[in-house]
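A short write-up of the structure that comes next.
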Amino acid sequence: MSRKPFYIVVALLMFIGIGLSVHRHIQYEVPFTPGEQRAVWEVEAQVRLEAGGGPVIVELAVPISQQG
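What follows is the structure in structure tokens.
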């Protein structure tokens, strides 16, 4: 019995695993190394609209500190 099909399946599974890992890294920005750090921003906005026939006024309140 030939081992060629076995090695083909192993290589195929390895390429699929590597491809999925690269896809997760690129698409969802999952880091490859455990110590890698990224800047994460959280923005919460409350928009109040006052339209009285003139220009529209939009106010954005920025939080002083961020939890986490």
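Counting from 3, one number per residue, gives the positions in the sequence shown under my numbering. Glycine included, every Cβ here is placed at the ideal spot set by N, Cα and C.
What number of angstroms, rounded off, separates the C-alpha of residue 4 from the C-alpha of residue 29?
Each residue's alpha carbon lies about 39 Å from the other.
Would you mind working out which of 36, 17, 27 and 61 sits nearest residue 71, comparing C-alpha positions?
This structure cannot speak to residue 71, because the chain is shown only from 3 to 70.
Thinking residue 27 and residue 34 are a contact (beta carbons under 8 Å), I'd like their distance in whole angstroms, please.
About 6 Å; that satisfies the 8 Å criterion.
Could you tell me the boundaries of the alpha helix (DSSP H) in which residue 19 lies?
Its alpha helix (DSSP H) spans residues 6 to 29.
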